[in-house]
Amino acid sequence: MENLKQEVLSCTKCDLHKTRHHVIFGEGNIKAPILVIGEAPGHDEDMIGRPFVGKSGQLLDKIHAACGFTREQHVYISNIVKCRPPGNRVPTDEETRTCVPYLFKQIELIDPLILMPLGASALRVFFGKEYRITQVRGNWLNWYNRLVMPVYHPAALLRNPHLKRDTWEDYKKIVRKYRELIDAEHHSDYV
Ligand code: SF4
Numbered sequence: 056m057e058n059l060k061q062e063v064l065s066c067t068k069c070d071l072h073k074t075r076h077h078v079i080f081g082e083g084n085i086k087a088p089i090l091v092i093g094e095a096p097g098h099d100e101d102m103i104g105r106p107f108v109g110k111s112g113q114l115l116d117k118i119h120a121a122c123g124f125t126r127e128q129h130v131y132i133s134n135i136v137k138c139r140p141p142g143n144r145v146p147t148d149e150e151t152r153t154c155v156p157y158l159f160k161q162i163e164l165i166d167p168l169i170l171m172p173l174g175a176s177a178l179r180v181f182f183g184k185e186y187r188i189t190q191v192r193g194n195w196l197n198w199y200n201r202l203v204m205p206v207y208h209p210a211a212l213l214r215n216p217h218l219k220r221d222t223w224e225d226y227k228k229i230v231r232k233y234r235e236l237i238d239a240e241h242h243s244d245y246v
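First residue of the sequence shown? That's 56 in this note's numbering, and the numbers climb one at a time after it.
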């Protein structure tokens, strides 16, 4: 993982390297059973050099805390694209194609039981454009024998708070699956 990290930190394979301040490789337990996958770093992440530290990240941490999940133990967090697209635009298909092999390598190394794509861009990387986040979120899917639970991106929850109720139901499924497959004693104050 350290070798891969060093390679990614010096990557110049796409134009996003020209405007980035930091490459955001990922963060968490490198043997975590859950891999959380966002779209791309935003402004705060790019300036600070860590994934999900802005408003979306704070909300994500709150949800994880309610589930009893921490970055230290239960999850690893990364993105499909490791450098910030200017103005927080959606990464282009070309940028995604260029960068996503790094994510696939991370999946191989971490070997998580559960993948959690946050939002449409991350979902598309695994299942193509015909899968809609609004239709498949909250449903267990399968990707090369790994369980996948697509959920809304926390930025979508900040824009549309009415999505929070459904999203919490999705996270409860993840906690229950975690107890079923990984740790029957897993504690959450809310599930
Ligand atoms: S976004 Fe990915 S492919 Fe593009 S420069 Fe950054 S690390 Fe390299």
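For glycine and all other residues, C-beta sits at the position ideal for the given N, C-alpha and C.
Rounded to whole angstroms, the Cβ separation of Ile169 and Asn134 is 17 Å, and the two are not in contact under 8 Å. For Gly93, the enclosing beta strand (DSSP E) begins and ends at 89-93. Within the same chain, and ignoring the five residues on either side of Val155 in sequence, the residues whose Cβ sits closer than 8 Å to its Cβ are Ile135, Val136, Val180. In the assembly as shown, Asp238 is an exposed residue. Its beta-carbon has fewer than 16 other beta-carbons within 10 Å.
Exclusion of Leu158 from the 6 Å shell around ligand 1 follows from its C-beta lying no nearer than that to any non-hydrogen atom of the ligand. With respect to Leu90, Pro167 sits close: the two C-beta atoms are nearer than 7 Å.
The criterion of a C-beta distance shorter than 7 Å is satisfied by Ile92 and Pro172. Checking the 6 Å criterion, the Cβ of Leu64 is out of range of every heavy atom belonging to ligand 1. According to the DSSP assignment, Ile132 belongs to the beta strand (DSSP E) that extends over 130-134.
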